[in-house]
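The structure under discussion appears below in the form of structure tokens.
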Amino acid sequence: MSFDARALSALDFPRVLDALAERSATSLGVERARGLRPSDDPERIARELDEVEDALFGVSLSLGGIQDIRELHARAAEGRVLSGSELLSAAYSLDGAMTVKRAIGVNSRGPLREVAVGLGDHSELVRRVLSALDRDGAVRDDSSPRLRDLRKRIEPLRGRIRERLTATLEKWSDVLQEHIVTIRRDRYVLPVQASRVGQVQGIIVDASATGQTYFVEPAAVTQLNNELTRLILDEEAEVRRILTELSGLLAGDADVPMTLFTIGELDLIASKARLARDWRLNRPELSVDGTYDLREVRHPLIESPVANDLALGDTKLLLITGPNMGGKTATIKTLGLAVLMHQCGLYVAAASAKLPVVRDVLVDIGDEQSIEASLSTFASHLKHLRYVLRHAAPDTLVLVDELGSGTDPNEGAALAQSLIETLLAQDARGVITSHLSPLKLFALETPGLKNASMGFDVDTLAPTYVLQVGQPGRSFALAIAQRMGLPADVLRRAEDLLGPDAGLMERMLEGLEREREDLRAQLEGTAAARRDAEAELGRVRQERETLELRRNEMLAEASQKAESLYADAIERVRTLRARAQEDSARPRVMQELRELRVSAQKARPAPIVREERGDPIRVGSRVDVPAYNATGQVLELRGDDLVVQLGVMKVGVKRRDVRLKQEPKVTAPRTRGPRTAFAGAVAASTFQNELQLRGMGVEEAVEELRTAVLEAHALKESPLRVVHGKGQGVLRRLLREYLKSDKKVESFHDAEANQGGHGVTIVNIRR
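Basically the working numbering = 1-based index in the sequence shown + 31.
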């Protein structure tokens, strides 16, 4: 699939590609950016958008310094020997590619890892090149044993030659042009005056440009120079052998082309991410039902653009009318550019966007004349419209600017209406702009076609560029003419020539605009009132939270004080228990201890439950279960589920399916057996014969049981009902082991099944 190049140009798409290329870090990326074209493959588009998202929020791609070495690789593959600097450039680029691959492996969320699979492993080539060449591209001495040996011999030999020539300078001082040792044609020589060269024994190697100096190699160093030349030739041959070997390694690395292709792909992705940041773009969503829904969409290439909402769905075609220079053309370009960018895997210039994948964008925008083809502007439009009608379908986007212009208005309107009817019959989606009034009436009566206009301020004669969907636009020609100072009689004559129908339409449109402004004012007032109400609600919620926080603090403070009082009472209980060991004081102490314990327990507050306030159901609560027509005791709380003991059964029920059993208030303490008096006037016993031990630790429970048995024995109260629960039976077993060892216990047994069964032990106290 390929989009029409003329359509891409008309929608300013090449400018987007230029912006991408400017953000590319490599020439490979620039090439990919300029060659980018829209795709009609939804899976590919989604994958490319995932890759951009990964580059935005996962991996920061750094591709600087990586060069396009395709030409170097091709030359090496042809058997040509590359220079050291060229090999170094290739090694650095491939090493950079491997660094990028490692960074992606560590930081990528996934999509870029799939792209990075194309980056090959060139570590051996990079190692060999960097170990053989220095940073200037020269072959290192230690690149091979032979090269190291040759260079070790060359430098001392150079020194010997220089020393021997230096020794002859004084001897030849009268015939030398300068007292220096120099090199010509890779041989050490002396500069001799041309007029006296015959006085020197040696070989003339070179002459100066003026002919005044000859460079003579004295016979004393000829043999040494020959040896040096031989060593230099051997060195050059060894260097060439090493460069040839390295060039062969590059040529033999079959992964290089794919690595370079992948670097271009990654650079393109990085450029897309940079463009998204620079232009404040957002990721579009795929619309599977063919509808368009763009919120706050804007043209990314216009400075300080006005954002508009744009939707196509039940409305297949949107007809935008209004004055010239009002933004109609920019609006259709905005939609077309958003579609093209989406299908190139680019983010779009909108707060949010849902876009379908289209097969083609069919465009007729701008005035085009072809002198060579003898086509007028109107004929050029017809040529493009013929192409649009031939290819329009549900999976294309139609964008037509100034439909019906360039010819007689009546004939243009008739032709435009017929074209719109054809597009609707072909189920095409798109946006059309026009100045023709008959099309406004046609849009009011035609399903699938809706009027829209671009806002215009008559007072300032300036467009607002705001898209107003549902309302046809006015031309404002006469209003603008009046503001521009045309004579009143000319304007009146123009109104007469327009006829009553035209005047009626303008008045209707003017009335619609007034009603729209009134409605907008009402909506703004309603929105302001709603904001005030929401602000007031926020203040009320804040005050309620403050009060709730203070309430919790007060409850916590009260709880702490009550806990302190309870602890003091318990300490007194322990003191009294110690005194109770004396036989004479035991009855009175036991009675005082029991009363103190009861008062302390009353003083101790229940735990504060902030999360479940208002819910009175707790473990131990008595509840009615209508589904079983029975009353039972809550054993466990599991969120909204309860475990209730109903006689011998434990059942699971929902919290909403039970009712709290309201227990009657006890107005007088319950007594068991006759009152007992000690040493005259001891108060009546307030001993309670039920001991609740559920939820306690073993040591605490045994201590409570020991105290209760002691008090019951002293007060001659029996039996004692010990509630320990069933659970896994550990607490029950340990409590009974204690009861066996306490001589004050006569016997013990389980309660009746309907009174708690194995979860309750009845203890009979010796008298």
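Using N, Cα and C, we set each Cβ at its ideal position, and we do this for glycine too.
If residue i and residue j are in contact, beta carbons under 8 Å, what's the gap, nearest whole angstrom?
{"i": "L125", "j": "I135", "result": "The pair is not a contact, with the Cβ atoms about 16 Å apart (cut-off 8 Å)."}
{"i": "Y219", "j": "V252", "result": "6 Å"}
{"i": "R763", "j": "H789", "result": "7 Å"}
{"i": "S55", "j": "D99", "result": "Contact flag wrong, Cβ pair sits at about 11 Å."}
{"i": "P187", "j": "L221", "result": "Their Cβ separation, rounded to whole angstroms, is 21 Å, which puts P187 and L221 out of contact at 8 Å."}
{"i": "L92", "j": "V148", "result": "With a Cβ gap of about 15 Å, L92 and V148 do not count as contacting."}
{"i": "V740", "j": "K775", "result": "5 Å"}
With respect to the beta strand (DSSP E) encompassing residue i, which residues constitute its N-terminal and C-terminal limits?
{"i": "Q499", "result": "A493 to V500"}
{"i": "L668", "result": "A661 to R669"}
{"i": "V394", "result": "D391 to D395"}
{"i": "N7", "result": "As displayed, the chain neither begins before 32 nor continues past 798, which places residue 7 out of reach and without an answer."}
{"i": "L428", "result": "T427 to V431"}
{"i": "L434", "result": "From DSSP, L434 is part of no beta strand (DSSP E); its letter is neither H nor E."}
{"i": "V675", "result": "D672 to L677"}
{"i": "R215", "result": "T213 to R215"}
Going by other Cβ atoms of all chains shown within 10 Å of its Cβ, with 16 needed for buried, is residue i buried or exposed?
{"i": "G358", "result": "buried"}
{"i": "V47", "result": "buried"}
{"i": "N441", "result": "exposed"}
{"i": "H780", "result": "exposed"}
{"i": "R166", "result": "exposed"}
{"i": "L554", "result": "exposed"}
{"i": "R523", "result": "exposed"}
{"i": "G787", "result": "buried"}
{"i": "A36", "result": "exposed"}
{"i": "S595", "result": "exposed"}
{"i": "A423", "result": "buried"}
{"i": "G663", "result": "buried"}
{"i": "R798", "result": "exposed"}
{"i": "A564", "result": "exposed"}
{"i": "E643", "result": "Note that E643 has pLDDT 40, beneath the 50 cutoff, so the model's placement of it is unreliable and no number is given."}
{"i": "P387", "result": "buried"}
{"i": "A552", "result": "exposed"}
{"i": "H744", "result": "buried"}
{"i": "V571", "result": "exposed"}
Spell out the partners DSSP gives residue i in its beta bridges.
{"i": "E316", "result": "K385"}
{"i": "E248", "result": "I234"}
{"i": "V656", "result": "A661"}
{"i": "N339", "result": "V328"}
{"i": "S449", "result": "S449 is not bridged to any residue."}
{"i": "T792", "result": "V753 and D781"}
{"i": "L722", "result": "V753"}
{"i": "R575", "result": "For R575, which the question treats as bridged, DSSP gives no partner whatsoever."}
{"i": "S465", "result": "T352"}
{"i": "T858", "result": "In this structure the chain extends from 32 to 798, so residue 858 is not present and cannot be described."}
{"i": "L221", "result": "V247"}
{"i": "K347", "result": "Partner(s): none; K347 has no beta bridge."}
{"i": "G95", "result": "Paired residues: none, contrary to the question."}
{"i": "K471", "result": "In the DSSP output, where bridge partners are listed per residue, K471 has none listed."}
Is residue i near the ligand FAD, in the sense that its beta carbon is under 6 Å from a heavy atom of that ligand?
{"i": "A128", "result": "What this structure holds is no ligand at all, so the ligand FAD is not there to describe."}
Along the chain, where does the alpha helix (DSSP H) containing residue i start, and where does it finish?
{"i": "Y769", "result": "V761 to S772"}
{"i": "V287", "result": "V287 to W310"}
{"i": "I363", "result": "K359 to H373"}
{"i": "T199", "result": "P176 to T199"}
{"i": "R46", "result": "F44 to E53"}
{"i": "Y418", "result": "T408 to H422"}
{"i": "D85", "result": "P73 to F88"}
{"i": "V170", "result": "First-last for V170: undefined, no H or E at that position."}
{"i": "L746", "result": "V729 to L746"}
{"i": "S58", "result": "S58 to R65"}
{"i": "V157", "result": "S154 to A163"}
{"i": "A459", "result": "That residue, A459, is in no alpha helix (DSSP H); it is neither H nor E in DSSP."}
{"i": "L143", "result": "P142 to A147"}
{"i": "L103", "result": "R101 to A108"}
Touching by the beta-carbon criterion (3+ pairs, under 8 Å), the region 684-691 and the region 647-657:
Result yes; three or more Cβ-Cβ pairs closer than 8 Å.
How do the region 298-317 and the region 83-99 stand: do at least 3 beta-carbon pairs fall below 8 Å, yes or no?
A contact exists between the region 298-317 and the region 83-99.
With three or more C-beta pairs closer than 8 Å as the rule, is the region 57-74 touching the region 104-119?
Cβ pair count under 8 Å is below three, so no.
Is the region 107-122 touching the region 160-176, taking contact as three or more C-beta pairs under 8 Å?
Because the criterion of three Cβ pairs below 8 Å is met, the region 107-122 and the region 160-176 touch.
Indicate whether the contact test is met: 3 or more Cβ pairs, each with one atom in the region 376-383 and one in the region 476-494, closer than 8 Å.
As far as the Cβ criterion goes, the region 376-383 does not touch the region 476-494, which means the pair count is below three.
Would you be able to state if there are at least three C-beta pairs under 8 Å between the region 461-475 and the region 433-447?
Yes: at least three Cβ pairs fall under 8 Å.
Could you tell me whether the region 268-278 touches the region 290-297, where touching means 3 or more Cβ pairs closer than 8 Å?
Touching, no, given that fewer than three Cβ pairs across the two stretches are closer than 8 Å.
For the pair the region 38-53 and the region 258-266, tell me if three or more CB-CB distances fall below 8 Å.
With a cut-off of 8 Å on Cβ pairs, the region 38-53 is not in contact with the region 258-266, counting fewer than three such pairs.
Three Cβ pairs or more, each shorter than 8 Å: is that satisfied between the region 664-673 and the region 734-749?
At 8 Å Cβ cutoff, the stretches do not touch.
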